[in-house]
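Going by my numbering, the sequence shown opens with residue 249, and the numbers climb by one from there.
The next block holds one structure in the form of structure tokens; read it before the comments.
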Amino acid sequence: MTARETYTNIFIESFGVEAGALNESFVYQCVPSWDSVGHMSMIAALEDAFDIALEVDDIVDFSSFTKGIEILAKYGVTV
Numbered sequence: 249m250t251a252r253e254t255y256t257n258i259f260i261e262s263f264g265v266e267a268g269a270l271n272e273s274f275v276y277q278c279v280p281s282w283d284s285v286g287h288m289s290m291i292a293a294l295e296d297a298f299d300i301a302l303e304v305d306d307i308v309d310f311s312s313f314t315k316g317i318e319i320l321a322k323y324g325v326t327v
């Protein structure tokens with residue numbers, strides 16, 4: 249599985265959405281499941297999947313599907 253597929257699947261599983269919904273308009277709280285609890289669950293899944301530990305500032309700044317790709321690049325994860 250590619251990093252992109254892993255990233256996409258984590259969003260699908262964390263927020264119960266279809267892959268087609270995952271674009272630049274998929275942002276924090278755009279669906280009820282992306283609340284603070286859902287956010288931390290998604291972060292934990294990403295950290296486990298990519299064997300990284302996100303800094304607090306990056307967790308807070310992780311505000312969209314697209315922004316997450318930028319943040320993961322800082323950790324050497326090319327999505």
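The C-beta atom is built at its ideal place from N, Cα and C for all residues, glycine as well.
Contact annotation: F259 and F313 have beta-carbon atoms nearer than 8 Å. In the structure shown, the three-state DSSP call for S312 is strand.
In terms of CA proximity to F274, F310 leads the group S289, E295 and F310. In this structure, V327 keeps its C-beta atom at 8 Å or more from the C-beta atom of A269. Counting the other CB atoms within 10 Å of its CB gives M290 a total of 16 or more, which places it among the buried residues.
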